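Taking my numbering, the leading residue of the sequence shown gets 2, the next gets one more, and so forth.
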Amino acid sequence: MFKINIPILLTVFCTFPSYGMKVFDMKEIRDPSTLQIKVLQDWHPVNGVIETRQKLVTINMGDLWPGQEYRIPVRMVVPAN
Numbered sequence: 002m003f004k005i006n007i008p009i010l011l012t013v014f015c016t017f018p019s020y021g022m023k024v025f026d027m028k029e030i031r032d033p034s035t036l037q038i039k040v041l042q043d044w045h046p047v048n049g050v051i052e053t054r055q056k057l058v059t060i061n062m063g064d065l066w067p068g069q070e071y072r073i074p075v076r077m078v079v080p081a082n
């Protein structure tokens, strides 16, 4: 009896609560001030076959759990001249 009821209960439990809920706040996603940018390395020259300038920052993508930020590193690379 449990083998039949468990899949049915899981299906009901997983579908009804999420029906009609907004998953993402699009206004907040489009607002760059919510990224909480931290500069790890300011603009600096990098020598090589093609000389570039680079800057390394991290952006806050949200919280994994309360108090634990999820940050992603972003490196910007532009030609030196």
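Backbone N, C-alpha and C fix where the C-beta goes; we use that ideal spot for every residue, glycine too.
Since we're looking at a predicted model, the values are computed, not measured.
Would DSSP call residue i helix, strand or coil?
{"i": "residue 67", "result": "coil"}
May I ask you to list the residues that DSSP assigns as paired with residue i?
{"i": "residue 31", "result": "Answer is none; residue 31 lacks a bridge partner."}
{"i": "residue 57", "result": "42, 76"}
{"i": "residue 47", "result": "53"}
Exercise. Is the segment 56-64 touching the segment 31-44, taking contact as three or more C-beta pairs under 8 Å?
Worked result: yes
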